[in-house]
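Visitor:
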Amino acid sequence: MPDHGGVLSLLPLPRSAKADRIKRAPTVGRTMSDNSWVAVGTGGSPGPEQPMPRVGRCNRQQPCLNCIRRHIPHLCNPAARAAKRRERRIDAISPVRQTSEAESEVRSAGSLSDARSQAADASVGNLWPSRGAPSYHGNSYFGHQAAATMMQVPSPDIPVGLNPGRIPSTGATRSFRNERGPYAHVWEMIGHLPRQKAVVDGLTERFLMELNGVFDGVHAETFRTHYENFWDRRRGWDDMTNVDLRWLSLLFIILAFSELLGCPQPCSVETQQDREESSLHFYWAARKCVVISPTFSGESADLVRAGILITRYNIYLGRVPESWTTVSFAVRMAQAQGMHIDGERWGLPRKVLETRRRLWSTLYYLDRTIALAVGRPYTVNDKHCEHMKITNTWVDDLDPDNAAIAEPKALSDPTPSIYHLYQQKLASILGSILDDCFALTPRSTAYSTYERALDIDQELLAWAQSLPSYFQLEDPDRSMDSSLPVLPWHRLYLHSAYYFARVTLHRPYVLLPSITGQFKYSQDVCFASACAHLTSKLSFRAMTMAERLKFNIVAHHFSNSALVLAVMAVRDPHFPRTMAIVTDLQSYCEKQYADRWVNEFQLAEVKVVELCVSRIKASSRYRGTHVLDTQGAVVDNVRPSVPRPLPEPETLGTSHEPDVVFEDMTGLSRLLECGTWEEIMGRMESEIAS
1 MPDHGGVLSL
11 LPLPRSAKAD
21 RIKRAPTVGR
31 TMSDNSWVAV
41 GTGGSPGPEQ
51 PMPRVGRCNR
61 QQPCLNCIRR
71 HIPHLCNPAA
81 RAAKRRERRI
91 DAISPVRQTS
101 EAESEVRSAG
111 SLSDARSQAA
121 DASVGNLWPS
131 RGAPSYHGNS
141 YFGHQAAATM
151 MQVPSPDIPV
161 GLNPGRIPST
171 GATRSFRNER
181 GPYAHVWEMI
191 GHLPRQKAVV
201 DGLTERFLME
211 LNGVFDGVHA
221 ETFRTHYENF
231 WDRRRGWDDM
241 TNVDLRWLSL
251 LFIILAFSEL
261 LGCPQPCSVE
271 TQQDREESSL
281 HFYWAARKCV
291 VISPTFSGES
301 ADLVRAGILI
311 TRYNIYLGRV
321 PESWTTVSFA
331 VRMAQAQGMH
341 IDGERWGLPR
351 KVLETRRRLW
361 STLYYLDRTI
371 ALAVGRPYTV
381 NDKHCEHMKI
391 TNTWVDDLDP
401 DNAAIAEPKA
411 LSDPTPSIYH
421 LYQQKLASIL
431 GSILDDCFAL
441 TPRSTAYSTY
451 ERALDIDQEL
461 LAWAQSLPSY
471 FQLEDPDRSM
481 DSSLPVLPWH
491 RLYLHSAYYF
501 ARVTLHRPYV
511 LLPSITGQFK
521 YSQDVCFASA
531 CAHLTSKLSF
541 RAMTMAERLK
551 FNIVAHHFSN
561 SALVLAVMAV
571 RDPHFPRTMA
581 IVTDLQSYCE
591 KQYADRWVNE
601 FQLAEVKVVE
611 LCVSRIKASS
621 RYRGTHVLDT
631 QGAVVDNVRP
641 SVPRPLPEPE
651 TLGTSHEPDV
661 VFEDMTGLSR
671 LLECGTWEEI
681 MGRMESEIAS
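Going by our numbering, the residue at position 119 of the sequence shown is 119; the numbering climbs one at a time, nothing skipped.
Following this line, the structure appears as structure tokens:
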């Protein structure tokens with residue numbers, strides 16, 4: 001009986017036949033190149049009815065060795081296995097465009113067919129899978145993934161975990177004591193969660209209902225799916241690598257906000273302290289997960305979202321320098337996934353594309369704003385990123401098919417995405433302010449750079465003029481606030497950022513002396529913007545904890561409008577509106593002290609303002625102005641300026657009193673009087689002669 005295809009030679013033989021054919025039975029080897037089985041002769045003499053076995057590739061027609069050993073060769077389907085292997089090989093060769101985004105992980109079907117699109121992709125880089133997440137590399141990268149793609153061979157994927165596949169060494173071989181397992185950190189992080197799932201359910205739903213709409217923190221549907229998968233795991237049996245610390249960091253920072261949301265208003269001191277301690281507990285757990293998770297897994301959108309929420313939490317607490325560190329980390333996580341490149345060129349799905357654009361716009365704004373507020377370099381370089389093509393489109397609530405064909409709406413019909421469009425434009429201007437006016441080595445003195453500051457101010461004015469009616473600085477259209485609840489908050493955020501930009505831009509020129517009044521425009525703009533910003537602070541009344549959180553995560557902690565007005569009042573105590581400024585500053589300090597939620601970071605500004613107010617009240621000129629305002633009822637706008645006496649030359653630069661210092665800067669206009677010049681020159685000649 002002939003052996004067709006060598007199958008019978010591989011079947012189990014009776015005990016009597018094994019001895020007869022032991023020398024001429026072929027062996028089976030496995031090639032590493034094509035993952036196929038090959039029959040290899042042992043050198044024995046073939047029988048008269050059996051042909052000489054030949055070494056060669058499998059013809060994909062015979063069953064696999066496992067099915068033969070299990071006596072089920074008729075159930076084996078080699079053709080289907082070969083097709084699956086070819087599909088896996090094609091997927092490994094093509095750069096995988098994958099993103100852990102709000103709604104799904106996206107894998108590209110292959111390379112782009114259009115030659116121009118391929119050329120554009122080559123200029124900005126590609127996305128490759130690495131440790132379970134998309135990894136971005138630019139055109140300067142030439143590693144194993146780029147080389148494998150060039151040679152059209154499969155690229156090995158680095159698995160998730162720390163040193164996967166390595167057998168842990170024993171404690172005797174280590175020079176330090178280690179009683180913890182390789183995944184003990186996962187158990188430690190899970191231990192920070194409340195023990196009852198119902199408690200976590202209530203906290204997460206509270207955040208999704210009260211804050212998520214304004215914060216744009218997570219995609220609610222996707223977050224709930226991951227949330228249920230996390231709690232449905234079999235505790236004690238699952239592989240600990242299935243617990244995603246990246247998503248867990250996002251859950252912890254959501255719990256931190258939710259703990260504050262659950263505090264009733266008003267509440268006792270004990271209740272407030274308990275809520276703050278619980279919130280900080282979850283905050284530090286989120287910080288730990290954010291730091292640890294990139295060691296075991298690739299970067300994901302969950303890390304970016306967690307970094308944004310952690311930054312907002314620090315802003316709420318008044319920890320602005322700390323928020324500069326957290327937003328920089330979030331920017332690096334986003335850049336590692338290619339979010340700084342508009343994903344339209346990579347053919348990403350519409351929902352993923354719009355979400356990535358909003359995330360990058362938020363990071364871009366926070367990075368520029370915080371860097372300008374603390375006077376430190378920003379992370380995002382415009383030369384290495386693209387301008388996001390944000391449109392007035394909201395596709396998060398649509399299915400993928402309808403999202404792909406969704407058209408942008410008119411500006412008169414706003415969506416939550418329209419805020420990110422104007423936020424991105426304003427962030428670009430903030431970067432210009434930091435580069436041109438507060439660089440480490442300015443191009444020249446402040447006088448010559450003043451024209452550049454005026455040009456930037458014109459850009460700010462043009463930005464304000466481009467705002468739609470519902471975002472206007474003066475008398476905005478509030479008719480759509482009820483239909484779109486996020487619109488009032490987005491309006492507040494844009495206004496506060498605009499005032500912060502103008503105050504920061506013109507603040508250096510407020511104290512510069514000029515006989516011609518060339519800096520008067522900056523003084524007026526800085527005064528008006530600081531007053532508008534202080535007005536919003538004084539007029540806000542937080543009815544709920546959610547409103548307090550929404551109000552305190554914006555530029556109110558960046559723009560120290562009260563400090564600016566206090567310094568201007570100390571500089572010019574006889575200013576017609578000094579008494580009105582002092583009254584508002586006193587009201588602001590009283591409001592801050594009466595607020596139980598104000599911490600030591602926020603009270604630091606209040607203490608400096610109080611010192612300025614005390615100095616103004618101690619000034620004799622202020623006391624005279626105060627009497628004139630209360631008894632003479634003179635209008636502030638028409639009161640003539642009273643000339644101030646020039647300080648004695650020997651006292652210039654020696655006194656540390658605030659009013660004397662500011663007099664030295666503003667009283668230089670009287671130096672043009674002939675008598676004063678003659679007196680100064682005479683004293684200098686006598687001192688030189690002696």
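Here a beta-carbon is modelled for each residue, glycine too, at the ideal position from N, C-alpha and C.
#1: Can you name the start and end residues of the alpha helix (DSSP H) that residue 329 belongs to?
#2: I need the straight-line Cα distance from residue 344 to residue 204, nearest angstrom please.
#3: Which residues in the same chain as residue 190 place their Cβ atom closer than 8 Å to its Cβ, once the five residues preceding and following it in sequence are excluded?
#4: Would you identify the three-state DSSP class for residue 396, choosing helix, strand or coil?
#5: On the CB-based measure, 16 or more other CB atoms within 10 Å of its CB, does residue 209 come out buried or exposed?
#6: For residue 364, report the span of its alpha helix (DSSP H) as first-last.
#7: For the stretch 510-520 against the stretch 488-497, are there 3 or more C-beta pairs whose distance is under 8 Å?
#8: In three-state DSSP terms, what is residue 210?
#9: Check whether the stretch 328-340 and the stretch 604-622 touch, using three or more Cβ-Cβ pairs below 8 Å as the test.
#10: Using 10 angstroms around the beta-carbon of residue 543, count the other beta-carbons present and answer buried if the total reaches 16, otherwise exposed.
#11: For residue 457, does the count of other Cβ atoms within 10 angstroms reach 16, so buried, or fall short, so exposed?
#12: Using the Cβ count rule (16 or more neighbours within 10 Å means buried), how would you classify residue 259?
#13: Closest by CA to residue 291, which one among 218, 570, 541, 245?
#14: Does the distance from the C-beta atom of residue 557 to that of residue 253 stay below 8 Å?
#15: For residue 390, does the three-state DSSP call read helix, strand or coil?
#16: At 4 residues or longer, and completely inside the stretch 531-577: list those alpha helix (DSSP H) runs for me, N to C.
#17: Since residue 287 and residue 310 should fall inside the 8 Å C-beta cutoff, what is the C-beta to C-beta distance between them, to a whole number of angstroms?
#18: With a threshold of 7 Å, establish whether the CB of residue 416 neighbours any heavy atom of the ligand ADP.
#19: Using the Cα positions of residue 278 and residue 503, report the straight-line distance between them to the nearest angstrom.
#20: Hey, would you say residue 361 sits closer than 8 Å to residue 388, going by beta carbons?
#21: Let me know the alpha helix (DSSP H) ranges lying completely inside the stretch 470-536, each 4 residues or longer, listed in chain order.
#22: Do residue 562 and residue 585 come within 8 Å of each other at the CB atom, strictly closer than that value?
#23: Is residue 319 near residue 500, with beta carbons less than 8 Å apart?
#24: According to the neighbour-count rule (16 or more other Cβ atoms, all chains shown, within 10 Å of its Cβ), is residue 330 buried or exposed?
#25: Would you check if there are 3 or more beta carbon pairs closer than 8 Å linking the stretch 575-591 to the stretch 292-302?
#26: Any chance you could list the alpha helix (DSSP H) runs of at least 4 consecutive residues sitting entirely within the stretch 220-268, in chain order?
#27: Take residue 612 and list the residues in its own chain whose beta-carbon comes closer than 6 Å to its own, dropping the five residues that flank it on each side.
#28: Which of helix, strand or coil does DSSP assign to residue 601?
#29: I'd like to check one pair, residue 431 with residue 481: are the Cβ atoms closer than 8 Å?
#30: Could you tell me whether the Cβ atoms of residue 216 and residue 358 are closer together than 8 Å?
#31: Candidates 256, 341, 568: which alpha carbon is nearest residue 531's?
Guide: Quick answer:
#1: Taken as a continuous stretch (DSSP letters only), the alpha helix (DSSP H) holding residue 329 covers 320-336.
#2: Residue 344 and residue 204: Cα-Cα distance of roughly 32 Å.
#3: The residues are 243, 248.
#4: Coil at residue 396, not helix or strand.
#5: Exposed is the label assigned to residue 209, since fewer than 16 other Cβ atoms lie within 10 Å of its Cβ.
#6: In this chain, the alpha helix (DSSP H) harbouring residue 364 covers 350-374.
#7: Judged by Cβ distances under 8 Å, the stretch 510-520 makes no contact with the stretch 488-497, as fewer than three pairs qualify.
#8: In this structure, residue 210 counts as helix in the three-state DSSP scheme.
#9: Because the criterion of three Cβ pairs below 8 Å is not met, the stretch 328-340 and the stretch 604-622 do not touch.
#10: Within 10 angstroms of the beta-carbon of residue 543 lie fewer than 16 other beta-carbons, which makes it exposed.
#11: With 16 or more Cβ atoms within 10 Å of its Cβ, residue 457 is classed as buried.
#12: Only buried fits residue 259, as 16 or more other CB atoms lie within 10 angstroms of its CB.
#13: With distances taken between Cα atoms, residue 291 lies closest to 245.
#14: No, Cβ-Cβ distance for residue 557 and residue 253 is not below 8 Å.
#15: Reduced to three states, the DSSP call for residue 390 is coil.
#16: Considered as a whole, the stretch 531-577 harbours 545-551, 561-571 as its complete alpha helix (DSSP H) runs of no fewer than 4 residues, in chain order.
#17: About 7 Å; that satisfies the 8 Å criterion.
#18: Of the ligands one can find in the structure shown there are none, so the ligand ADP has no counterpart to examine.
#19: Their backbone Cα atoms lie some 37 Å apart in a straight line.
#20: Going by C-beta atoms, residue 361 is nearer than 8 Å to residue 388.
#21: Whole alpha helix (DSSP H) segments, 4+ residues: 487-506.
#22: Yes, these two residues count as a Cβ contact at 8 Å.
#23: Their beta carbons are not under 8 Å apart, which means residue 319 does not touch residue 500 by this criterion.
#24: Counting Cβ neighbours within 10 Å, residue 330 comes out buried, since at least 16 surround it.
#25: The stretch 575-591 vs the stretch 292-302: no contact.
#26: For the stretch 220-268, the continuous alpha helix (DSSP H) assignments of 4+ residues that do not extend past its boundaries occur at 220-231, 245-261, in sequence order.
#27: By the criterion of a C-beta distance shorter than 6 Å, residue 612 is surrounded in its chain by 566, 570, once the five residues flanking it on both sides are discounted.
#28: Helix.
#29: Contact check for residue 481 against residue 431 fails: the beta carbons are separated by 8 Å or more.
#30: Less than 8 Å separates the beta-carbon of residue 216 from that of residue 358.
#31: Looking at the Cα atoms, 568 is the closest of the given residues.
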